[in-house]
Structures are given as structure tokens and as C-alpha cells.
Amino acid sequence: EFENEASVWYMAASPHVLPFYGVCRKGGKTFLVSPYVENGNARKYLEELKRCGASDIFDIARGLKYLHENNILHLDVKPDNALVDKLSRAMVTDFGTCLIRELEGKSHDMGTAHYMAPERLRGEVPTQKADVFAFGISLYEVRKNPAHPCTTAK
1 EFENEASVWY MAASPHVLPF YGVCRKGGKT FLVSPYVENG NARKYLEELK RCGASDIFDI
61 ARGLKYLHEN NILHLDVKPD NALVDKLSRA MVTDFGTCLI RELEGKSHDM GTAHYMAPER
121 LRGEVPTQKA DVFAFGISLY EVRKNPAHPC TTAK
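Residues 1 to 154 in UniProt numbering are what the sequence shown spells out, letter by letter.
Structure, rendered in C-alpha cells:
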């Protein structure tokens, strides 16, 4: 999984995707290296603003569009997996659950259940539609800010 995340993230170079600097090994541990992002994740950022800016949403949509154009399915789209920099630009991050589209054809049950499309919850093969569904749930959530318990499906 770690190698998959690093290789997918490396391939996903876009202004709307958090930059990947490389891999670092220290003290027997391995780390993925990225820039520090001042405003944290989109959920925290938008909660502090008490509003949801269209540009933030468009940045995330552009990041997903870039991934899909490059045959990458994110499969864990949610406000926590977008980071906002000091210029208020949102970038997609967390590629631990991604699939390259050539590898489609197998079920993939990792991700956050609250954001999963119904077909993913049924164990069907994921497609771009699953990311679009999760993006829609995320958009609703940041616009309405409902409280809900999120769990990770495994």
C-alpha cells in the first residue's frame, strides 16, 4: 500500500494536487514528504471561515478531474483529504486508497464509508463515478456542515 501511494502521488503532479517531494527513511521508519500546508484540511479551514468558497470547491474538482484524466481513481474523496495553502488554494491529498484505472476490475473496499457510493458499499468494482459521488457528499457536507460520525470501511 505504501509503495502504491508513493507511486500514484508521484504521477499526480498538478496545481490542484499536493506536491510530492519524495520518500525519507529515518530511524527505521519511512515517510512520504510534502510541503507544509498552512491552513490544514478543507474541513477545518471551512469551519473556521464559517462559509464555503466556490474557489475551494473548484480547486478540489479540478484536482479530481486531473486524476481522472490520468486514469487515477482517488476512492477516498472527503474534506479531510484536501489541504488549503496560505493563498487559499485547495489541493487533493492522501493517495493511500487510489487505484490506477488499468487495475480496475477488482473490488476495492478501503476508504471512508460515509463518502462511499452505494455500488462501492455493495462491493462492486469502483469507477470515476465513485469519486464524483464522494465529491457530492463532501460538497453537501461543507455547505451544510452537518455533524456525523465517520468511520473507515475496511
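Even glycine gets a Cβ: it sits at the ideal position worked out from N, Cα and C. As the structure is a computational prediction, the values presented were derived from the model and not from experiment.
- When the Cα atoms are used, residue 87 and residue 20 turn out to be separated by approximately 19 Å.
- By the C-beta criterion, the region 20-36 is judged not to be in contact with the region 61-81, since fewer than 3 inter-stretch pairs fall below 8 Å.
- Contact annotation: residue 46 and residue 142 have beta-carbon atoms nearer than 8 Å.
- Fully enclosed beta strand (DSSP E) runs of no fewer than 3 residues occupy 22-26, 29-33 of the region 8-47, in order along the chain.
- In chain order, 95, 96 place their CB closer than 6 Å to the CB of residue 5, counting only its own chain and leaving out the 5 sequence neighbours on each side.
- Nearest to residue 24 by alpha-carbon distance, out of 57, 3, 78, is 3.
- Scanning 110, 98, 137, 122 for the CA closest to the CA of residue 10 turns up 98.
- Going by DSSP, residue 134 is part of the alpha helix (DSSP H) stretching over 128-144.
- Between the alpha carbons of residue 126 and residue 59 lies a gap of roughly 23 Å.
- When beta bridges are read from the DSSP output, residue 72 appears opposite 100.
- Within a 10 Å sphere around the beta-carbon of residue 118 sit fewer than 16 other beta-carbons, which makes this residue exposed.
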